[in-house]
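Note sheet for the following structure.
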Amino acid sequence: MADKKSEKKIDLANLSFSDSVSYYFEKAAPHTDSARGLLDQIKACNSIYKMNFPVKYGNQVKVIEAYRVQHSHHRMPTKGGIRYSVHVDQDEVMALAALMTYKCALVDVPFGGAKGGINISPRQTPPEILENVTRRYTAELVKKNFIGPGIDVPAPDYGTGEREMAWILDTYNTLRPGEVDGYACVTGKPVSQGGIRGRTEATGRGVVYALNEICSHADDMKALGLSTGLEGKRVIIQGLGNVGYHTARIIQEYGAIIIAICEHDGAVVDPNGVDPKALLKYRTEKKSVLGYPKGKVIKNSAAAMELECDILIPAALEKQITAENAPRIKAKIVAEAANGPVTPAAEAILLKKGVMIVPDIYINAGGVTVSYFEWLKNLSHVKFGRMQKRFEESTQRNFIKLVEDYTGKTVPLSRVNKLIHGADEIDLVNSGLEETMVSAYRDIRDFKKRNKKVEDLRTAAFAVSINKIRDSYYAMGIFP
Ligand code: NAD
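Printed below as a string of structure tokens:
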């Protein structure tokens, strides 16, 4: 693929998900000065564990197919979510694990990439069976040494959340009693089970921090025919799950207008703004967005993604924008909150139209970033902010007192209370998350600006990431 001849041979429309990730990797590789052998090592999937185990469904027994893939051991532990979906197969989990490696390197989270998947429908399976499956899956991982605070640390992904992470933790601690760092075997746990404040919404919040930074660059916005800032931007979101809902909720706080939310069974369109909280409440009660009383509800959810807008945020699943619908997409910015929502064939079409594609390995990295903070919290056995909060407050109070003494004026109490506020866990988490998203974007953007042949943000992001992984191999002395 390095030369033009072989590039032509690739049938972009028929690449599997993991081949798509390899395609992006190879597109970026020539812009890094890395030897072929090292590139092959970075790209290779290190361990794949496929399992089949029986689970009781009433009077029947079903064989469950599940995976855990550790893409890269260049940094340990490995890290990545667990997905519950009927589309889970080995190729999908391998692709997602590889994306995790590049994502972690890009945002300086010191883990190798991994991913897990269970081929099961989270919507159509009763909770007690989901619990049995989750616990058995964890036991399989323990048996093969595929989970542990220094080995491999799962997290939530499509179809899983805090509840599943709590089951994993409980099973792990039961099978490995007395491990002092046992709570760090999984992240995305409930706060009462060693989780961290801000993890649930971290991916969505990270998407918004990233978009806020992206939209602050006046020259880039001018090139797209947009004004700077998120205020007033018309946004379409696909998927009202963890990532989509929190992205919608938080981007609204920045003044953006959500003109459509697309779910698997229909979309709600309203040029005056869809309220994600009200829609989620309705969907939770009725189990569908159909019949929602505000705005216009349309059954053809995919068609709503093609409406005129400034930012389109696919936050559901991979392969949602393909060569088939890409020509009809009208967004100026496509922000890949989901993993792999734009296929390589669709990307070629969108880039030709001048659309800015913000790649998944960057824009949805907020989840793993805050998972990293949770892991650190579990290993340090202390809540962020606990040691310094009161100290910071009394230092600030003394400073205000000093100013008052010298000026003879009194600072109003309402301002004093704001000024002296010492950082809580959530303040530190959000501050660390924002810093991560902003500085990673500047790395990508600077790389693209310095390397004139790099035409898109994904290639720049992959190149930055490959360079960081390459450097850690060099530091190990494995490659000359
Ligand atoms: P989720 O299960 O919480 O939500 C997914 C939502 O998408 C559900 O509401 C589902 O009904 C909807 N959906 C499914 N098919 C759809 C379709 N065809 N059209 C419209 N909506 C559809 O999952 P999530 O955790 O929000 O993950 C979504 C994506 O984000 C996945 O690609 C995942 O890998 C990625 N991601 C998640 C995290 C995380 O922290 N959860 C982190 C990084 C990336």
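Reminder that position 411 of the sequence shown reads as 391 in my numbering, one-by-one numbering, no gaps.
We treat Cβ as the ideally placed atom computed from N, Cα and C, and that holds for glycine.
Owing to the predicted nature of the structure, the values given are computational and were not obtained by experimental measurement.
Query raised in the report: Closest to residue 168 by CA distance: which of 42, 403, 147 and 339 is it?
Result: 147
Query raised in the report: Any idea which residues DSSP pairs residue 490 with across the strands?
Result: Nothing in the structure corresponds to residue 490, since the chain is present only between -19 and 460.
**Report entry** beta strand (DSSP E) segment containing residue 50, residue limits
**Finding:** 40 to 50
Query raised in the report: Taking 7 Å as the cut-off, is the CB of residue 134 close to at least one heavy atom of the ligand NAD?
Result: no
**Report entry** Those residues which DSSP pairs with residue 431 across a bridge
**Finding:** Paired residues: none, contrary to the question.
Query raised in the report: Less than 8 Å separating the beta-carbons of residue 29 and residue 3?
Result: no
Query raised in the report: At which residue ranges does the segment 233 to 282 contain complete beta strand (DSSP E) runs of 3 or more residues, listed in the order of the chain?
Result: 237 to 243, 246 to 249 and 276 to 278
Requested in this report: For residue -4, collect the residues of the same chain with a Cβ closer than 8 Å to its Cβ; drop the 5 residues on either side in sequence, then sort them by chain order.
Outcome: 71 and 75
**Report entry** Environment of residue -18 [buried if 16+ CB atoms lie within 10 Å]
**Finding:** In this predicted model, residue -18 has a pLDDT of only 44, less than 50, meaning its place in the structure is not dependable; the value taken from the coordinates is given anyway. Exposed, by the Cβ-count rule.
**Report entry** Closest by C-alpha distance to residue 290, when choosing among 11, 210, 397 and 300
**Finding:** Here the closest residue by C-alpha is 210.
Requested in this report: Would you mind working out which of 59, 269 and 324 sits nearest residue 92, comparing C-alpha positions?
Outcome: 59
Query raised in the report: Would you say the beta carbon of residue 296 comes nearer than 7 Å to a heavy atom of the ligand NAD?
Result: yes
Query raised in the report: Would you report the Cα separation of residue 330 and residue 408, rounded to the nearest angstrom?
Result: C-alpha separation (whole angstroms): 37 Å.
Query - Minimum C-alpha distance to residue 416 - residue among 429, 366 and 346 - result: 346
Query raised in the report: Can residue 312 and residue 206 be called in contact, C-beta distance under 8 Å?
Result: yes
Query raised in the report: Does the Cβ of residue 189 lie closer than 7 Å to at least one heavy atom of the ligand NAD?
Result: no
Requested in this report: Leaving out five residues on either side along the sequence, give the residues of the same chain with a beta carbon under 7 Å from the beta carbon of residue 351.
Outcome: 59, 135, 167, 168 and 179
**Report entry** residue 56 versus residue 78: straight-line alpha-carbon distance, rounded
**Finding:** 15 Å
Requested in this report: State yes or no: is the C-beta of residue 243 nearer than 7 Å to some heavy atom of the ligand NAD?
Outcome: yes
Requested in this report: Look at the alpha carbon of residue 186 and the alpha carbon of residue 159, and state the distance between them as a whole number of angstroms.
Outcome: Take the alpha-carbon of residue 186 and the one of residue 159: they are about 32 Å apart.
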